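Per my numbering, the first sequence starts with residue 27, numbered consecutively. Here is the structure we will look at.
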Amino acid sequence: MLKSIDCGQLRADHNEQEVTIAGWVNRRRDHGGLIFIDLRDSTGLVQVVFHPDSPDIFATAERFRSEWVVQVRGKVRMRPNGTENPNLDTGAVEVVATEATVLNASKTPPFDVNQDAPVDELLRMRYRYLDLRRTHMRENLRLRHRIVKFIRDYLDDLRFIEIETPILIKSTPEGARDYLVPSRNHPGNFYALPQSPQQLKQMLMVAGADRYFQIARCFRDEDLRADRQPEFTQLDLEMAFVEPDDVIDMMVDLYIKMAQALAPQKELILPVPRLTYADAMSRFGSDKPDLRFGLEISDLTDIVAGSEFQVFSNVVRDGGMVKGFNAPGYGDITRRQIDELVSVARTYGAGGLVIIGLDAAAESIDALTTDHVRTPAKALSIEEIKAIATRVGAVPGDLILIAAGAQPKVEPVLGQLRLNIAERLGLNDRNKLAFCVVTDFPALEWLEDSQRWHAMHHPFTAPQDDQWDLLETDPGAVIAKAYDLAANGSELAGGSIRIHQRAQQERVFAALGYPQAEVDELFGHLLEAFEYGAPPHGGFAGGIDRLVVTFSDTAESIRDAIAFPKTQAGVDPLFGAPSPVASAQLDDLHIAIVTVDEPEA
RNA sequence: GGCCCGAUCGUCCAGUGGUUAGGACAGCGCCCUGUCAAGGCGCAGACACGAGUUCAAAUCUCGUUCGGGUCGCCA
Numbered sequence: 027m028l029k030s031i032d033c034g035q036l037r038a039d040h041n042e043q044e045v046t047i048a049g050w051v052n053r054r055r056d057h058g059g060l061i062f063i064d065l066r067d068s069t070g071l072v073q074v075v076f077h078p079d080s081p082d083i084f085a086t087a088e089r090f091r092s093e094w095v096v097q098v099r100g101k102v103r104m105r106p107n108g109t110e111n112p113n114l115d116t117g118a119v120e121v122v123a124t125e126a127t128v129l130n131a132s133k134t135p136p137f138d139v140n141q142d143a144p145v146d147e148l149l150r151m152r153y154r155y156l157d158l159r160r161t162h163m164r165e166n167l168r169l170r171h172r173i174v175k176f177i178r179d180y181l182d183d184l185r186f187i188e189i190e191t192p193i194l195i196k197s198t199p200e201g202a203r204d205y206l207v208p209s210r211n212h213p214g215n216f217y218a219l220p221q222s223p224q225q226l227k228q229m230l231m232v233a234g235a236d237r238y239f240q241i242a243r244c245f246r247d248e249d250l251r252a253d254r255q256p257e258f259t260q261l262d263l264e265m266a267f268v269e270p271d272d273v274i275d276m277m278v279d280l281y282i283k284m285a286q287a288l289a290p291q292k293e294l295i296l297p298v299p300r301l302t303y304a305d306a307m308s309r310f311g312s313d314k315p316d317l318r319f320g321l322e323i324s325d326l327t328d329i330v331a332g333s334e335f336q337v338f339s340n341v342v343r344d345g346g347m348v349k350g351f352n353a354p355g356y357g358d359i360t361r362r363q364i365d366e367l368v369s370v371a372r373t374y375g376a377g378g379l380v381i382i383g384l385d386a387a388a389e390s391i392d393a394l395t396t397d398h399v400r401t402p403a404k405a406l407s408i409e410e411i412k413a414i415a416t417r418v419g420a421v422p423g424d425l426i427l428i429a430a431g432a433q434p435k436v437e438p439v440l441g442q443l444r445l446n447i448a449e450r451l452g453l454n455d456r457n458k459l460a461f462c463v464v465t466d467f468p469a470l471e472w473l474e475d476s477q478r479w480h481a482m483h484h485p486f487t488a489p490q491d492d493q494w495d496l497l498e499t500d501p502g503a504v505i506a507k508a509y510d511l512a513a514n515g516s517e518l519a520g521g522s523i524r525i526h527q528r529a530q531q532e533r534v535f536a537a538l539g540y541p542q543a544e545v546d547e548l549f550g551h552l553l554e555a556f557e558y559g560a561p562p563h564g565g566f567a568g569g570i571d572r573l574v575v576t577f578s579d580t581a582e583s584i585r586d587a588i589a590f591p592k593t594q595a596g597v598d599p600l601f602g603a604p605s606p607v608a609s610a611q612l613d614d615l616h617i618a619i620v621t622v623d624e625p626e627a
């Protein structure tokens, strides 16, 4: 080894010891007659002192610059009285250099590696190896490692075994776009990269591996987001002979224990509440509600059903609903802020948004007069407004936000406004950790655009036992044995009990409108397997990258949880992928590139 | 595919029609023996690209490219 101890490990215990350390020059403080170097490795920093008594060593240290890689031999000693640095784990001691070697010089880095100040994303990715040297990123990678290790240890104790499944599999469209890999040996044929090992793990259940898991890479060729990368990592898990509560209880236990062990600095809100999908949508306008704060949504339909304010009463007459929630202390909102809220509502498909501002000068809700009320809905009577305010729990000085329309539109709009208001009021405290289990998801949802039913979770999800007959009569009403785990408004894991019998699986495919030929072609292998004693089974999958962000104190996006992420355009700026390939490679793959000129607009 | 935001020294920011385009950090030079975001003095260093408006553009408009956010999309 080129070092005898790690920089970050030096303590008073090592006083008087001869050590050899090596690392990067984090900072240099040159006093002319005395030079301090903060030497950094993956474990932390330690201060090295160079005295001019040994001119050769001193001259070497004078050349040191940021990010040079150096080796120092020296003696550990207690720092002189009054010069200890309490901000540093190694701050009680320093290393007095007796030998110094430059292992490798460094160009001046394109950004500061020794501080966590913001840097342009493109530059960070272009020089990712420098970005990863920074404290926050180093900590995020370490956190990620600990999460994965925790999961493996936890599941190993429960007799789960990790089984690798192939990365080159068969394309089964429906759902996300597949990444395709051309086959050299089979011209015109393609492998696909897995969007998840879903069907593979079900095959493993049939195979009798009744407690399976995998830290699995998944690929989806869709547009990116702050919380979405084209390749990402999931804890993929499946068990045989289980019912929903078995999986849910284990999932919750795993995540709680992980949070307690790996994010102890967060205020964990326990016990973890369980909501049905219908409740979550109704009360929070989201199937992954952020329960760090209230701002609960109330139904106002009965209050305004007969209102003079026809925007509301007409919606009720047409079978819609009117719902709203209270933003405490936000009654003095500016015109501009109102416009922003309306624009948020529009983005999520609302026709509009009605706000009611309550003047803080009013004595109470009972004492409200029209002078205390600021709203564009002039036709609302003061009695109606009082009833609304009481229902949503508003007091003078608050702001009430109301949306009207069909249920599937109103609730998500209010859900988004709720998050927006929470952000404005600073309620989304990143030091809190609020898990939440959502159950009883609908099995199918109607896609307006393509005019067909589609599986909300995936088509292998089992309907609840008493729901089967609805598949043919009222598909949208079918409730599935599906469940999610959310934390702070982010979906962390989702799963279900799967169908394990051929006839039942075919019945669901039929309800989804799949032609028989397509079912045979895409899912024949799975249906056949079900005929050979497939056990009842279920499981879940949870995103590792998002979990790192949730547990981290500094990660802002999923990119901060991944060593080598891609830009929003799916580009890797470090390696320059994707890139053209040599024509010989294309020939091997029987691929010809056809350039199509864009038609003039 | 749509919408929104952004692009100024190496980095991070300031700069709302006429500026010697400013600062901090980094870099370079000089000084400095107890600093730890060391300090002092000095030097060097930038308006993404292309059109347009204007007497005059970093600044206004359009486009391109790139980055970010988001809707669609993500079974």
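Beta carbons are placed, not taken as given, at the ideal position from N, Cα and C, and that holds for glycine. Source: prediction; values computed, not measured.
Please state whether DSSP places residue 308 in a helix, a strand or coil. helix
Quick check on the DSSP output: what are the complete beta strand (DSSP E) runs of length 3 or more inside the stretch 471 to 502, in order along the chain? 478 to 481
Buried or exposed for residue 550, going by 16 or more other Cβ atoms inside 10 Å? exposed
Neighbourhood of residue 625 by C-beta, 6 Å cutoff - its chain only, sequence neighbours within 5 removed: At residue 625 the pLDDT is 43, less than 50, meaning the model places this residue with poor confidence; the figure from the coordinates comes in the next sentence. Correct list: empty, nothing qualifies.
Just the Cα atoms here: how many angstroms apart are residue 330 and residue 410? Rounded to the nearest whole angstrom, the CA to CA distance from residue 330 to residue 410 is 7 Å.
Helix, strand or coil, according to DSSP, for residue 283 in the structure here? helix
To the nearest angstrom, report how far apart residue 183 and residue 209 are at their CA atoms. 40 Å
Proximity to residue 147 [Cα-Cα], best of 582, 186, 537 and 606: 582
Run of the alpha helix (DSSP H) containing residue 532, from where it starts to where it stops: 528 to 537
Closer than 7 Å by C-beta to residue 453: which residues in its own chain qualify, once you throw out the five before and the five after it? Chain order, please. 318 and 319
Which runs of the alpha helix (DSSP H), 4 residues or longer, sit entirely within the stretch 289 to 368? 303 to 310, 327 to 330 and 336 to 343
Return the chain-ordered list of same chain residues with a C-beta closer than 8 Å to the C-beta of residue 477, the five sequence neighbours on each side being excluded. none
Contact set for residue 296: own chain, Cβ-Cβ below 8 Å, skip 5 residues either direction: 282
Quick one: grab the DSSP three-state call for residue 574. Residue 574 falls in the helix class under three-state DSSP.
Who pairs with residue 50 in a beta bridge, going by DSSP? 66 and 95
Contact under 8 Å by Cβ, residue 571 with residue 584: yes
Nearest residue (CA-CA) to residue 214, options 619, 621 and 615: For the residues 619, 621 and 615, the minimum Cα distance to residue 214 belongs to 615.
Please report how far the alpha carbon of residue 139 lies from the alpha carbon of residue 587, in whole angstroms. 18 Å
Three-state secondary structure assigned by DSSP to residue 624: Note that residue 624 scores 47 on pLDDT, short of 50, meaning its location in the model is unreliable and no value can be drawn from it.
One question on the structure: do residue 71 and residue 48 come within less than 8 Å of each other, judged by their Cβ atoms? Contact: no.
What residues match up with residue 464 in a beta bridge as DSSP calls it? BP columns for residue 464 point to 301 and 510.
Tell me whether residue 425 is buried or exposed, calling it buried when 16 or more other Cβ atoms sit within 10 Å of its Cβ. buried
Tell me which same chain residues have a C-beta within less than 8 Å of the C-beta of residue 340, skipping the five on either side of it? none
Spell out a yes or no on whether the stretch 384 to 391 and the stretch 417 to 424 are touching, meaning 3 or more CB-CB pairs, one atom from each, closer than 8 Å. yes
Residue of 488, 513 and 365 minimising C-alpha distance to residue 459: 513
Who are residue 128's beta bridge partners in DSSP? 96
What residue range is occupied by the uninterrupted alpha helix (DSSP H) comprising residue 171? 161 to 183 is the extent of the alpha helix (DSSP H) around residue 171.
Using only alpha-carbon positions, find the residue among 457, 228, 324 and 262 that is nearest to residue 290. 457
Option nearest residue 482 by Cα separation, candidates 446, 537, 442 and 461: 537
Take the Cβ of residue 467 as the centre, count every other Cβ of all protein chains shown within 10 Å, and call the residue buried at 16 or more, exposed below. buried
Whole-Å CB distance - residue 524 paired with residue 228, under 8 Å assumed: 6 Å between Cβ atoms; contact.
To the nearest angstrom, report how far apart residue 237 and residue 217 are at their CA atoms. 28 Å
In the DSSP assignment, find the alpha helix (DSSP H) that holds residue 551 and state where it starts and stops. 542 to 556
What number of angstroms, rounded off, separates the C-alpha of residue 61 from the C-alpha of residue 158? Residue 158 has its alpha-carbon roughly 27 Å from the corresponding atom of residue 61.
Starting from residue 265 and walking both ways along the beta strand (DSSP E), at which residues does that stretch end? 257 to 266
Note down, in chain order, each residue of its chain lying with its Cβ closer than 6 Å to the Cβ of residue 124, except the 5 sequence neighbours on either side. 99 and 100
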